[in-house]
Amino acid sequence: MSLLLENLQYAIPTFLFLLTLLVFVHELGHYLVGRWSGIRILAFSVGFGPELFGWTDRHGTRWKFCVVPLGGYVKFFGDDDAASTPDYRRLETIAPEDRARSFLGAKLWKRAATVAAGPIANFVLAIAIFAVLFSIYGRAVADPVVALVAPGSAAEKAGVKLGDRLVSIDGTPIATFDDVRRYVSVRPELPITVRVERDGSAIDLQMVPQRTESVDPLGNKVEEGKIGIGTNQEVGNFRIETYGPLEAVGQGALQSWRIVTGTFDYLSNLFVGRMKADQLGGPIRIAQISGQMAKLGVAEVLNFAAVLSVSIGLLNLMPVPVLDGGHLMFYAVEALRGKPVGPAAQDIAFRIGFAMVLMLTVFAAWNDINWLFG
């Protein structure tokens, strides 16, 4: 609680800025591809509820900012609501010449492209932000050479020695020390094979990362796997790697992909019980971290924005009705069947999807409350 109060003057404006940016970019993806596809757009909203201010453009689209800044939507001609729930009865009342300009009356590939454009826009934003940061600041790296082995750790039990250079883990090449941390952190209590280079020879060592709970530099509790090794300047060769524009874009795409794979690793560990669900946070946790990032500087805020953008894009691609991924799932079924899923089935699915999203929201809020007062 004290952490949030300390950062309150930074947390609220930074959180609102980040949320507005990410929602705007996501909905702009829907809007641009929808316009390109010839679909009429009735409203572009950042936020929900009563309108604070807005304007209507020459195409008849109402651009508005609303009271509750926790999301947004693009409403297409023919939509029943802001979630783009299909209204087949209304489609029948639309004049034939206008049906092609409605979302439901558009060709399947146009609907799919318009829906997919939102999450894709979030991924593009993340790659762009990472690319800018890598171009300006470079990236701090260290060689994966062991300078410390913690007593009683998984590494010590496996026989890791000072000066060992980690070459690969489970066949995955290791180039930097951060690669080790990234791979091991999401595999607590899961056997791994670490190949080290020692005196010119390659040695395979079997070990099991220990589950640890620690506090990160920002004061947040983190649960992860560790094998108990460290490095230093003498053997790790700490340095800043710089990148040209094209290299920076490639590194931005790689960093975004790492967030995606890390998310799936966490979810799989969560499913089998190797990690706790209390690390799933909601708006309160995001606001608190936003405030901490703001105190550290613009670069940290942008880095956090990129991480959130990937997370939002990935979340929206989940095959849950009411989310973009749910719509794409229905379109895939429609492509296979040659006709849309029936209105009754879609209505039931959207109700179930809404309930799932609501339960996840409540669960994340409960985690936030426990974290806030715990």
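Taking full-length UniProt numbering, the leading residue of the sequence shown gets 1, the next gets one more, and so forth. We put the beta carbon where it would ideally sit given N, CA and C, even for glycine.
Closest residue to residue i among the options (Cα-Cα distance)
i	options	result
Ser-290	Val-301, Ala-150 and Gly-262	Val-301
Gly-78	Gly-72, Trp-55 and Ala-106	Ala-106
Cys-66	Lys-75, Leu-52 and Phe-76	Leu-52
Gly-38	Thr-14, Pro-50 and Arg-99	Arg-99
Glu-224	Phe-134, Gly-262 and Leu-246	Gly-262
Lys-226	Phe-134, Leu-42 and Glu-213	Glu-213
Asn-367	Val-46, Tyr-331 and Pro-283	Pro-283
Coil, strand or helix - residue i by DSSP
i	result
Pro-321	coil
Phe-130	helix
Lys-295	helix
Leu-336	helix
Arg-58	coil
Gly-225	strand
Val-145	strand
Leu-166	strand
Val-341	coil
Gly-171	coil
Phe-17	helix
Beta-carbon proximity list for residue i, same chain, < 8 angstroms, skipping 5 on both sides
i	result
Leu-22	Asn-122, Leu-125, Ala-305, Leu-308, Ser-309 and Ile-312
Residue range of the unbroken beta strand (DSSP E) whose run includes residue i
i	result
Tyr-73	62-76
Ala-202	201-207
Range covered by the alpha helix (DSSP H) that runs through residue i
i	result
Gly-250	245-272
Phe-177	177-185
Gly-236	233-236
Ala-154	154-158
Residue i classed as buried or exposed, judged by whether at least 16 other C-beta atoms fall within 10 angstroms
i	result
Asn-316	buried
His-59	exposed
Gln-206	exposed
Gly-163	exposed
Arg-285	buried
residue 375	The requested residue 375 is not part of the displayed model; the chain covers only 1 to 374.
Contacting residues, own chain, Cβ-Cβ under 7 angstroms from residue i (five flanking each side not counted)
i	result
Tyr-137	Ala-299
Ile-229	Val-146, Leu-148, Val-149, Ala-155 and Val-160
Trp-63	Phe-44, Gly-54, Trp-55 and Asp-57
Val-322	Ala-83, Phe-350, Gly-353, Phe-354 and Val-357
Leu-314	Val-260 and Thr-263
Contacting residues, own chain, Cβ-Cβ under 6 angstroms from residue i (five flanking each side not counted)
i	result
Pro-50	Val-67
Lys-110	Ser-37
Cβ-heavy atom distance, residue i to the ligand SAM, below 7 angstroms
i	result
Phe-17	As presented, the structure is devoid of all ligands, the ligand SAM included, so that no description of it is given.
CB contact below 8 angstroms: residue i versus chain D
i	result
Ile-39	The structure shown contains no chain D; it is built from a single protein chain.
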